[in-house]
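Just so we're on the same page, the working numbering is the position in the sequence shown counted from 1, plus 1224. Glycine included, each C-beta is placed from N, C-alpha and C at the ideal position. Okay, structure first, notes after.
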Amino acid sequence: MDVSSENQPQYSPGPGQDADSRACVQYAAGDAWVVVVRGEVDMTTIAPLADALNRAAASHPTVVLDASSVTFADSTFLNLLLRVHEATCLRIAAPTHQLMRLFQLTAVDTVLDVRATLEAATRP
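And the structure:
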């Protein structure tokens, strides 16, 4: 499934962010709603992602987080993922090596649905 050809991604800026910061891109891919996050995710940068994931969880039965461009994440990020996981079907797509290591060290990978690719995560 080509997730980029049918729907144009929309940017959802968070409070205090301009449209050029590109923190969260969101789009539909089949029955899933995809949220793309880039860069560092910690207590000082998580607000736009939290808003995007919480809104997605409230209105979509399946939410996919494209984590392929996450360069750093802390416990704030892990807590957010666990909360969203409780609210909807959350799939984590293409986590970086560092992020996958964090998931393994904290055993979050045994709770969350982590998939190797975005394509695999957007399949029913």
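Taken atom to atom, the span from the alpha-carbon of Asp1337 to that of Thr1346 is near 12 angstroms.
Here Leu1306 is near Val1335, since their CB atoms are less than 8 angstroms apart. Boundaries of the alpha helix (DSSP H) around Leu1277: Ala1271 to Ser1283. DSSP, read as helix, strand or coil, puts Arg1307 in helix. Ile1270 and Val1259 have their C-alpha atoms some 13 angstroms from each other. Residue environment: Pro1285 is assigned as exposed (fewer than 16 neighbouring CB atoms within 10 Å of its CB, all protein chains considered).
Contact check for Leu1289 against Ala1317 passes: the beta carbons are separated by less than 8 angstroms. With contacts defined by Cβ atoms closer than 8 angstroms, Leu1323 and Ala1297 form a contacting pair. Residue state for Val1294 is assigned as strand, using DSSP reduced to three classes. When DSSP states are grouped into helix, strand and coil, Asp1337 belongs to the strand group.
Rounded to whole angstroms, Glu1343 and Tyr1251 show a C-alpha spacing of 14 angstroms.
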